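Final position of the sequence shown in our numbering is 416; the numbers increase by one with none missing. Glycine is no exception: its CB is placed at the ideal position from the N, C-alpha and C atoms. Since the model is a prediction, treat every value here as computed from it, not as a measurement.
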Amino acid sequence: MSEGAPSARLNALSLSRCVPVLVTAELTRRCPLSCLHCYLPETRGRAARPPELPTAEWKRILSGLAAAGGLYLVFTGGEPLLRPDLAELCRHAGELRFDVRVFSTGHGLTPELAAELKEAGVSAFEMSFYGSPAVHDRVTGVRGAFARSLAAARLLKMKGVAVKMKTPLMTLNAGQAGRLKRLAALEGFSISFDLSIAPGNDGDGAALGYRLSGAALRRAVRQVYGGAKGPEKTPEEGFQEGFICGAGRNVCAVGPSGELYPCLQLPVKLGNLARRSFPALWRDSAWLERWRGLSGKDLRGCAGCKDAGYCGLCPGLNLLETGDPLKPPPRTCEAASVLRAAAGK
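Here it is, written out as structure tokens:
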């Protein structure tokens with residue numbers, strides 16, 4: 072991406088001024104699925120679901136986030152379709168000039184609701200697909216889950232809502248990437264793949280056993296990326312910038328009960344928006360002040376890394392796995408090395 076592109080200029084400006092242009096709103100932890108790799112302890116039966124904010128409170132919070140500079144809004148869960156007010160919240164967000172996307176399983180979508188969401192201005196749905204119907208249903212723990220998600224995706228596309236398929240690659244669906252790329256092309260959906268599997272937000276590491284490594288990881292990268300493009304940043308630039316990631320700078324997240332986080336993947340509670348205003352929490356948080364003072368040079372063992380341009384380092388995943396947001400686990404380094412090798416660099 073050119074440094075002169077509007078999106079690049081917006082990103083640079085919002086990072087330097089800590090304007091939360093990207094907001095993730097986690098409406099619920101309820102979900103009809105029980106995915107084996109899910110990072111939410113609630114969906115795996117390890118924790119009780121938190122209470123959920125009512126519609127009016129969500130509207131107030133969204134208005135405050137828009138006033139603070141929010142431009143892009145993701146409604147997620149759990150399953151946001153389980154909220155009967157989803158279309159109403161999307162409509163309110165649209166009136167606030169947010170670009171609205173929904174992360175969903177598609178379960179519970181009806182033709183009437185799909186039409187409402189399109190009318191409310193939802194620009195896209197992003198939905199997880201894991202492979203063949205049998206593989207998908209095994210991963211999600213629900214028979215018929217693949218058929219319901221695909222039916223919902225087709226319904227959304229028919230109503231004029233863009234659909235993106237998202238697939239984490241792991242031992243449970245190794246070898247399924249080609250099938251899913253063909254499905255996306257056939258249906259007119261976009262698709263992306265992810266090599267990251269997160270620990271549970273409660274620290275449970277069971278899902279890490281599903282990560283691809285070694286030869287399996289190399290095969291998956293070849294199947295998905297082939298001759299991957301070169302890095303957007305040179306290795307020398309990769310960890311020398313004045314920030315580590317956008318969390319707590321131009322990204323923030325809000326949990327079901329109003330908890331404010333730097334990012335959904337960095338589960339550090341900054342305060343609750345049901346009790347304090349966003350500007351107060353965003354401005355006065357001691358944690359954010361320390362975090363914003365760090366740079367890529369503070370990452371443990373990353374300086375001068377030749378794989379920097381391919382690294383998917385995430386401070387949130389670092390924190391959950393190593394206890395330190397600045398310390399990447401070995402698996403992150405392995406994936407970056409495999410991606411660089413696949414690109415022939």
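Legend entry - Inter-stretch contact (C-beta, 8 Å, three-pair minimum) for the region 124-136 and the region 170-189: no
Inset, instruction - Would you decide whether residue 180 is buried or exposed? Buried here means 16 or more other CB atoms lie within 10 Å of its CB. - result: Translated into positions along the sequence shown, residue 180 becomes position 109. So residue 180 ends up on the buried side.
Inset, instruction - Work out the CA separation of residue 284 and residue 405 for me, nearest whole Å. - result: As a first step, residue 405 is located in the sequence shown; it is residue number 334 there, counting from the start. As a first step, residue 284 is located in the sequence shown; it is residue number 213 there, counting from the start. Roughly 8 Å separates the two Cα atoms.
Inset, instruction - Could you say if the region 316-323 and the region 277-297 meet the contact criterion of at least three C-beta pairs nearer than 8 Å? - result: no
Inset, instruction - Check residue 198 in the structure and name its three-state DSSP category. - result: For the purposes of this step, residue 198 is taken as the residue at position 127 of the sequence shown. It is a strand residue.
Inset, instruction - Report the three-state DSSP secondary structure of residue 238 (helix, strand or coil). - result: Within the sequence shown, numbered from 1, the residue matching residue 238 stands at position 167. Note: residue 238 maps to strand in three-state DSSP.
Inset, instruction - Jot down the residue ranges of each uninterrupted alpha helix (DSSP H) in the region 260-299, minimum 4 residues, whole runs only, in chain order. - result: 285-296
Legend entry - Three CB pairs or more closer than 8 Å across the region 405-416 and the region 378-390: yes
Inset, instruction - Sort 225, 401, 99, 161 by Cα distance to residue 170 and report the nearest one. - result: Working through the sequence shown from its first residue, we reach residue 170 at position 99. Comparing Cα positions, the closest option is 161.
Legend entry - Inter-stretch contact (C-beta, 8 Å, three-pair minimum) for the region 287-296 and the region 244-262: yes
Legend entry - Residue of 264, 254, 129, 351 minimising C-alpha distance to residue 221: Here the question's residue 221 lines up with position 150 in the sequence shown. Here the closest residue by C-alpha is 254.
Legend entry - Three-state secondary structure (DSSP) of residue 321: For the purposes of this step, residue 321 is taken as residue 250 along the sequence shown, with counting starting at 1. Reduced to three states, the DSSP call for residue 321 is coil.
Inset, instruction - Using 10 angstroms around the beta-carbon of residue 198, count the other beta-carbons present and answer buried if the total reaches 16, otherwise exposed. - result: Mapped onto the sequence shown, residue 198 falls at position 127. The residue in question, residue 198, is buried, as its Cβ has 16 or more Cβ neighbours within 10 Å.
Inset, instruction - Kindly list the residues whose CB is nearer than 6 Å to the CB of residue 237, restricted to its own chain and excluding five residues on each side of it in sequence; keep chain order. - result: What you label residue 237 is simply residue 166 of the sequence shown in a count that begins at 1. The answer, listed in chain order, is 197, 199, 263.
Legend entry - Residues near residue 204 in its chain [Cβ-Cβ closer than 6 Å; skip 5 each side]: Taking the first residue of the sequence shown as position 1, residue 204 is located at position 133. Correct list, in chain order: 217.
Inset, instruction - Quick one: residues in its chain with C-beta nearer than 6 Å to the C-beta of residue 178, no 5 flanking neighbours on either side, listed in chain order? - result: Here residue 178 is taken as the residue at index 107 of the sequence shown, counted from 1. Taken in chain order, the residues that qualify are 103, 219.
Legend entry - Own chain partners of residue 126 with C-beta closer than 8 Å, once the 5 adjacent residues on each side are dropped: Stepping through the sequence shown from its first residue, residue 126 is reached at position 55. Correct list, in chain order: 156, 159, 160.
Legend entry - Bridge partners - residue 343, DSSP secondary structure assignment: The residue given as residue 343 occupies position 272 in the sequence shown. For residue 343, which the question treats as bridged, DSSP gives the partners 330.
Inset, instruction - Please work out which residues of its chain come closer than 8 Å, Cβ to Cβ, to residue 241, disregarding the five sequence neighbours upstream and downstream, and give them in chain order. - result: Translated into the one-based positions of the sequence shown, residue 241 becomes position 170. Result list for residue 241: 108, 268, 281, 282, 283, in chain order.
Inset, instruction - Return the CA-CA distance between residue 233 and residue 212, expressed in angstroms with no decimal places. - result: Start at 1 with the first residue of the sequence shown, and residue 233 comes out as number 162. Start at 1 with the first residue of the sequence shown, and residue 212 comes out as number 141. Going from the Cα of residue 233 to the Cα of residue 212 covers about 27 Å.
Inset, instruction - Spell out the partners DSSP gives residue 172 in its beta bridges. - result: As a first step, residue 172 is located in the sequence shown; it is residue number 101 there, counting from the start. Answer by DSSP bridge pairing, in chain order: 145, 195.
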